Amino acid sequence: YSDEWVKEAEKRGLKNIKTAPEALDAFLEPKAVKMFVDHGVYNERELHARHEIMLETYAKRIQIESRSIYDLALNQVVPAALKYQSMLIDNVKGQKEIGIEAKFYQETIDIIKEISRHVAVVIEKTEAMLEARKKANDVEDARQKAVDYCHKIKGAYFDEIRYHVDKLELLVGDEYWPLPKYRELLF
């Protein structure tokens, strides 16, 4: 939400819950427990069990997303970017061999360097995400596991990996890119 809405919600006495694990905790607030129990929807034990199931489901979904990101990044995106980069390197070498001035292929060298930077970050962050996921999987408490998946995996890695993959998508030629590009999906 915008900063203006956060301020407005605060004025109205509304909560600004930003994560799924925190939102799921609302099921266990005393007013909520009383409502569910009084209306015969759940007894207190069932409500706690339902809460735990929802937390486990959330963590499992983020786990699946992180596995998908890892797989796509390291088995699709990085190899495609490196293959394209190799083609560009061969192009630059060929131009040097036949005596073309460096000023005519400097942009290609800059693209090669930019690909290298983005690939390095994607590899580094996906590997770090894998390690964070291993640690989160060892957590026994369902709420803590959901919080760890929310902050230490999704919050810490998803957007950054996505940013660098998006940059690679713009740099890598269409014939090398293994996935549909955004513009192809839109038009």
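Residue numbers for the sequence shown follow my numbering, so the first one is 1 and each next one is one higher. By construction, the Cβ of each residue, glycine as well, lies at the ideal position given by its N, Cα and C atoms. Here the structure is a predicted model, which means the values were calculated and not measured.
Rounded C-alpha distance that separates residue i from residue j
i	j	result
L170	P180	12 Å
E140	K11	38 Å
D159	L14	28 Å
P30	V41	15 Å
R162	E4	27 Å
E44	H51	11 Å
L88	E107	11 Å
E175	K125	26 Å
I109	R183	26 Å
K96	N16	59 Å
D90	Y105	12 Å
L185	L72	18 Å
H48	F187	47 Å
E22	S2	19 Å
A9	D138	37 Å
Residue i classed as buried or exposed, judged by whether at least 16 other C-beta atoms fall within 10 angstroms
i	result
V165	buried
K93	exposed
H39	exposed
I100	exposed
K145	buried
I98	exposed
Span of the alpha helix (DSSP H), counted from its first residue to its last, around residue i
i	result
P21	20–24
T137	The question names Thr, but residue 137 in the sequence shown is Asn. First-last of the alpha helix (DSSP H) with N137: 106–137.
A95	For the sequence presented, residue 95 should be read as Gln rather than Ala. Its alpha helix (DSSP H) spans residues 78–97.
K209	The question about residue 209 has no answer here: the residues shown for the chain are numbered 1 through 187.
R61	44–72
R183	182–186
Proximity below 8 Å, CB of residue i to CB of residue j
i	j	result
V172	A80	yes
M54	L24	yes
I178	Q76	For the sequence presented, residue 178 should be read as Pro rather than Ile. In contact: P178 and Q76 (Cβ atoms closer than 8 Å).
K189	H118	A query on residue 189 cannot be resolved here, the shown segment of the chain reaching from 1 to 187 and no further.
V78	V122	yes
E56	A142	yes
A32	A26	yes
Proximity test, residue i beta-carbon vs the ligand GDP heavy atom, cut-off 7 Å
i	result
V165	By its list of ligands, the structure shown contains no ligand whatsoever, and the ligand GDP lies outside what it can speak to.
Sufficient close CB pairs (3 or more, under 8 Å) joining the segment 148–160 to the segment 57–69: yes
Do the segment 126–133 and the segment 106–118 meet, that is, are 3 or more Cβ pairs less than 8 Å apart? no
Kindly confirm or deny that the segment 63–73 and the segment 152–161 touch, where touching means at least three C-beta pairs closer than 8 Å. yes
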